[in-house]
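Quick mapping for you: the protein sequence lines, in order, are chains A and B. Take any residue in the first sequence, count from 1 to its spot, add 444: that is its number in the numbering used here. Take any residue in the second sequence, count from 1 to its spot, add 444: that is its number in the numbering used here. We treat Cβ as the ideally placed atom computed from N, Cα and C, and that holds for glycine. All values derive from a computational prediction rather than experimental measurement. Here's the structure we're looking at; comments come further down.
2 protein chains.
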Amino acid sequence: MGKATIADVAKYCQVSTATVSMVLTNKGRISDVTRAKVLKAVDDLGYIYNQAAANLRHKRSNLVGLLIPDITNPFYAELIAGLSHWLEENDSLLFLANAEENVARQDKFIESLISQNAGGLVLCPAKDTDVNFLNTVRGRGFPIVLAVRPVGEDQFDYVGTNNFMGLQAATEHLIKLGHRNIAFIGGLEGSQTRSHRLGGYMSKLLEHGISPQEKYIVSCGASRPEGAAATKKMLEQNPEITAVIGYQDIVAFGVMRAIKDMGLTVGKDIAVVGFDDVPEAIDTSPALTTISVSAQQIGRAAGEILLTRMKGSDKPIKSLIFPPKLVVRKSCGSC
Amino acid sequence: MGKATIADVAKYCQVSTATVSMVLTNKGRISDVTRAKVLKAVDDLGYIYNQAAANLRHKRSNLVGLLIPDITNPFYAELIAGLSHWLEENDSLLFLANAEENVARQDKFIESLISQNAGGLVLCPAKDTDVNFLNTVRGRGFPIVLAVRPVGEDQFDYVGTNNFMGLQAATEHLIKLGHRNIAFIGGLEGSQTRSHRLGGYMSKLLEHGISPQEKYIVSCGASRPEGAAATKKMLEQNPEITAVIGYQDIVAFGVMRAIKDMGLTVGKDIAVVGFDDVPEAIDTSPALTTISVSAQQIGRAAGEILLTRMKGSDKPIKSLIFPPKLVVRKSCGSC
DNA sequence: CTGAAAGCGCTTACAG
DNA sequence: CTGAAAGCGCTTACAG
Numbered sequence: 445m446g447k448a449t450i451a452d453v454a455k456y457c458q459v460s461t462a463t464v465s466m467v468l469t470n471k472g473r474i475s476d477v478t479r480a481k482v483l484k485a486v487d488d489l490g491y492i493y494n495q496a497a498a499n500l501r502h503k504r505s506n507l508v509g510l511l512i513p514d515i516t517n518p519f520y521a522e523l524i525a526g527l528s529h530w531l532e533e534n535d536s537l538l539f540l541a542n543a544e545e546n547v548a549r550q551d552k553f554i555e556s557l558i559s560q561n562a563g564g565l566v567l568c569p570a571k572d573t574d575v576n577f578l579n580t581v582r583g584r585g586f587p588i589v590l591a592v593r594p595v596g597e598d599q600f601d602y603v604g605t606n607n608f609m610g611l612q613a614a615t616e617h618l619i620k621l622g623h624r625n626i627a628f629i630g631g632l633e634g635s636q637t638r639s640h641r642l643g644g645y646m647s648k649l650l651e652h653g654i655s656p657q658e659k660y661i662v663s664c665g666a667s668r669p670e671g672a673a674a675t676k677k678m679l680e681q682n683p684e685i686t687a688v689i690g691y692q693d694i695v696a697f698g699v700m701r702a703i704k705d706m707g708l709t710v711g712k713d714i715a716v717v718g719f720d721d722v723p724e725a726i727d728t729s730p731a732l733t734t735i736s737v738s739a740q741q742i743g744r745a746a747g748e749i750l751l752t753r754m755k756g757s758d759k760p761i762k763s764l765i766f767p768p769k770l771v772v773r774k775s776c777g778s779c
Numbered sequence: 445m446g447k448a449t450i451a452d453v454a455k456y457c458q459v460s461t462a463t464v465s466m467v468l469t470n471k472g473r474i475s476d477v478t479r480a481k482v483l484k485a486v487d488d489l490g491y492i493y494n495q496a497a498a499n500l501r502h503k504r505s506n507l508v509g510l511l512i513p514d515i516t517n518p519f520y521a522e523l524i525a526g527l528s529h530w531l532e533e534n535d536s537l538l539f540l541a542n543a544e545e546n547v548a549r550q551d552k553f554i555e556s557l558i559s560q561n562a563g564g565l566v567l568c569p570a571k572d573t574d575v576n577f578l579n580t581v582r583g584r585g586f587p588i589v590l591a592v593r594p595v596g597e598d599q600f601d602y603v604g605t606n607n608f609m610g611l612q613a614a615t616e617h618l619i620k621l622g623h624r625n626i627a628f629i630g631g632l633e634g635s636q637t638r639s640h641r642l643g644g645y646m647s648k649l650l651e652h653g654i655s656p657q658e659k660y661i662v663s664c665g666a667s668r669p670e671g672a673a674a675t676k677k678m679l680e681q682n683p684e685i686t687a688v689i690g691y692q693d694i695v696a697f698g699v700m701r702a703i704k705d706m707g708l709t710v711g712k713d714i715a716v717v718g719f720d721d722v723p724e725a726i727d728t729s730p731a732l733t734t735i736s737v738s739a740q741q742i743g744r745a746a747g748e749i750l751l752t753r754m755k756g757s758d759k760p761i762k763s764l765i766f767p768p769k770l771v772v773r774k775s776c777g778s779c
């Protein structure tokens, strides 16, 4: 039968397409009787509004993109949940892509979004993202809100957490427990987020008269196996270490695994702290002490800002920083 | 400056829009010199192809929807990864929605997809999904591929695992280990998947001369806390139980937590088996014995089938069932 | 090999 | 309060 269009509806009830359109979008002044007639026709014909055609005409859209570096990291799953919930409340649809830390894929996704007439993007940028590219994209009237990972100094709206403070809290916790030789494992070289976390870690060490050791700091990808491998090497080379901070929970899980594999006990021989407070952090054994960040909250807030930009807001660029919180569990021993 | 259109490009290099279109889509016969001229203009003008307009004209699209019941369940995160990877390879874009087990949200999402000219949907149906609604949607030429959860007897293409066999394997494993009083915790009443799993569980018990006890079977939502609460109650009321099968890993994690909270030892006092083999199953303590299902594989396969349907394939409906696999770890003791 | 023109399904001034 | 008509950015027979 082919889908009914606005023209079919118009013909069916003997009005113009303009009238049908106005009824459908609740614009203009339409008499109740005409409105009823149109609505009935819509029903009879099983007409479905073609939002894509309307968007083309309008030159606006209710489509939003979200790009994340790794969907299997539960932190991002939470972020997606927060954003998608917000978008649903606002009748927007979500395009999702998983860049897997690959800038080429990221760029391709952004091009597709524009080509598809999406209205904007929440971007958790992949490593080595090119700010210039983002700038030209935005220059074409395509708003971008950064989340989780900042890029370019305050050139874009940004929602994230205070990484510096988070690591200060984690480090302080360990120092108070008597640790001096504290390793920092994870994060990708060159990441701003990592710099902030490292800054928090090192500044807190110094504050307590402990000089940061370069050999205690190592980067690795965001996965359990990489966390485990890095830990094994670190502990073998530096047996004096008594505590390790995992860059993310997901890495901290790998850290714990490595410690166990080496025949040591987490929370007794080696204390472990993570970052993110992912749901399963409470279920590891021992349960992971970590820095809690509400990924859902970040997702939702990024969505809020993006929608106002899509509606044309030209308020100054803003950064929204949610404070992180230390959650003490068992992985540093009982305190 | 406003975005350049095909008309701008055409004017810029003194050809018709038809020619530009043909160059862009690689159709028709275009001389090399004209092609080069057009391509240069595209470049000079920073022209971006408007896929949405093309889709409108074409009446087809490269947009695909995915609806899942709970994105924070890592099983679905894996499925998304598998599907999105496939779609990316095929230049399609993914609309994602999180129904949270709510049929109204699900229906709303489906309407939006159609309205947005999406080409089809991979659906992991929410509880109480109405098959009739799905049928009318498909009747309008909107292909749907079901994943993970079947609905309606073979009326739709379906990709999933063999739940019956999976639970047979899990149950057999426990029986061989000497367990007789085996609880089954989780799943939502009325779910077909649950029936299949229950069938596998009960049939295997009977096969070994053990009569299934209704009191050993209880449903609960897909979360750790619900799994824990159900387990606590179950074990208090039936202290003779020595093993429990969690409907999903996520529930099994709750089961383990409850067992520990009661002062018992997982794998010694009570054996635990899960279902899914989610990445963190290897990190719990003890590591979880579970039924492995490749969610990534399911996601990708569903995508493959959907794209062929979107291209017009009218092959008979098919069900693709991946065999599940028992993965023995430590949560049932050392065997 | 290339162009003129109609049309995808909607919206929006502009008349009346 | 309602209609005629142009146009959003593309594609596709049809001519030539």
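**Item:** Proximal residues of chain A, C-beta to C-beta of Tyr493/B below 7 Å
**Value:** Ser559
**Message:** I'd like to know whether the C-beta of Glu748/A is nearer than 8 Å to at least one C-beta of chain B.
**Reply:** no
**Prompt:** By Cβ distance below 8 Å, which residues in the same chain neighbour Thr795/A in space, the five residues on each side in sequence not counted?
**Reply:** Residue 795/A cannot be examined here, being either before or after the span of chain A that is shown, 445 to 779.
**Asked** Going by the C-beta, is Gly644/B closer than 7 Å to any heavy atom of the ligand GTP?
**Response** The ligand GTP is not part of this structure, which contains no ligands at all.
**Prompt:** Does the pairing of the segment 705-717 of chain B with the segment 490-507 of chain B give three or more beta-carbon distances under 8 Å?
**Reply:** no
**Request:** Work out the CA separation of Val695/B and Ser667/B for me, nearest whole Å.
**Result:** 6 Å
**Request:** Count the other CB atoms, across all protein chains shown, that sit within 10 Å of the CB of Asp800/B; report buried if there are 16 or more and exposed otherwise.
**Result:** Here chain B covers residues 445 to 779 and nothing more, so residue 800/B does not appear.
**Request:** Let me know if His529/B comes out buried or exposed under the rule of 16 or more other beta-carbons within 10 Å of its beta-carbon.
**Result:** buried
**DSSP three-state assignment for Val716/B, whether helix, strand or coil** = strand
**Message:** Between the alpha carbons of Met706/A and Ile661/A, how many angstroms are there, rounded?
**Reply:** 20 Å
**Request:** Quick one: grab the DSSP three-state call for Lys803/A.
**Result:** What the structure shows of chain A is the stretch from 445 to 779, and residue 803/A is not part of that stretch, so it cannot be assessed.
**Message:** One question on the structure: do Asp488/A and Tyr456/A come within less than 8 Å of each other, judged by their Cβ atoms?
**Reply:** yes
**Prompt:** Closest Cβ-Cβ distance between Arg516/B and chain A: below 8 Å?
**Reply:** Here the sequence assigns Thr to residue 516/B, which means Arg is not the residue at that position. Judged by the 8 Å Cβ criterion, Thr516/B is in contact with chain A.
**Prompt:** So, does the CB of Ile588/B fall closer than 8 Å to a CB anywhere in chain A?
**Reply:** no
**Message:** Judging by CA-CA distance, which residue of Gly665/A, Asn682/A, Ile619/A, Gln636/A is the nearest neighbour of Ile654/A?
**Reply:** Ile619/A
**Message:** Any C-beta of chain B within less than 9 Å: which residues of the segment 545-556 of chain A qualify?
**Reply:** Arg549, Lys552, Phe553, Glu555, Ser556
**Item:** Rounded separation between Thr709/B and Ala731/A - CA only
**Value:** 16 Å
**Message:** Using 8 Å for Cβ pairs, my map puts His782/B next to Asn682/B. What's the rounded Cβ distance?
**Reply:** What is shown of chain B runs 445 to 779, which leaves residue 782/B out entirely.
**Asked** Going by other Cβ atoms of all chains shown within 10 Å of its Cβ, with 16 needed for buried, is Thr469/A buried or exposed?
**Response** exposed
**Message:** For the segment 738-746 of chain A against the segment 510-529 of chain A, do three or more pairs of beta-carbon atoms, one drawn from each stretch, fall closer than 8 Å, so that the two count as touching?
**Reply:** yes
**Same chain only: Cβ atoms within 6 Å of Gly622/A, ignoring 5 sequence neighbours per side** = none
**CB contact check: Pro723/A to chain B, cutoff 8 Å** = yes
**Prompt:** What are the complete alpha helix (DSSP H) segments, minimum 4 residues, inside the segment 592-656 of chain B?
**Reply:** 607-620, 636-651
**Asked** Quick one: what does DSSP say Ser556/B is sitting in, helix, strand or coil?
**Response** helix
**Item:** Reduced DSSP secondary structure (H/G/I, E/B, other) of Met445/B
**Value:** Bear in mind that the predicted position of Met445/B carries a pLDDT of just 45, short of 50, making it unreliable; the figure below should be weighed with that in mind. If DSSP states are grouped into helix, strand and coil, Met445/B belongs with coil.
**Message:** Taking its Cβ as the centre, do 16 or more other Cβ atoms sit within 10 Å of Thr734/A, making it buried, or is it exposed?
**Reply:** buried
**Environment of Ala672/A [buried if 16+ CB atoms lie within 10 Å]** = buried
**Asked** Under 8 Å, do Lys762/A and Asp601/A count as touching if we go by C-beta distance?
**Response** yes
**Asked** Which residue comes first and which comes last in the alpha helix (DSSP H) that contains Leu708/B?
**Response** Note, Leu708/B: premise wrong, no alpha helix (DSSP H); not H, not E.
**Prompt:** In terms of alpha-carbon separation, which member of Leu531/A, Asp535/A, Asn576/A lies closest to Val547/A?
**Reply:** Asn576/A
**Request:** Find the residues of chain A that neighbour Thr675/B, judging by a C-beta separation of less than 7 Å, and give them in chain order.
**Result:** Simply none; closest approach about 14 Å.
**Prompt:** Just the Cα atoms here: how many angstroms apart are Val581/B and Tyr491/B?
**Reply:** 36 Å
**Request:** In the DSSP assignment, find the unbroken beta strand (DSSP E) run with Val722/A in it and report its ends.
**Result:** No beta strand (DSSP E) holds Val722/A; DSSP gives it neither H nor E.
**Request:** Tell me, please, whether the CB atom of Phe766/B is closer than 8 Å to any CB atom in chain A?
**Result:** no
**Request:** Could I get the ranges of all uninterrupted beta strand (DSSP E) runs contained in the segment 727-757 of chain B, with 3 residues as the minimum, in chain order?
**Result:** 733-736
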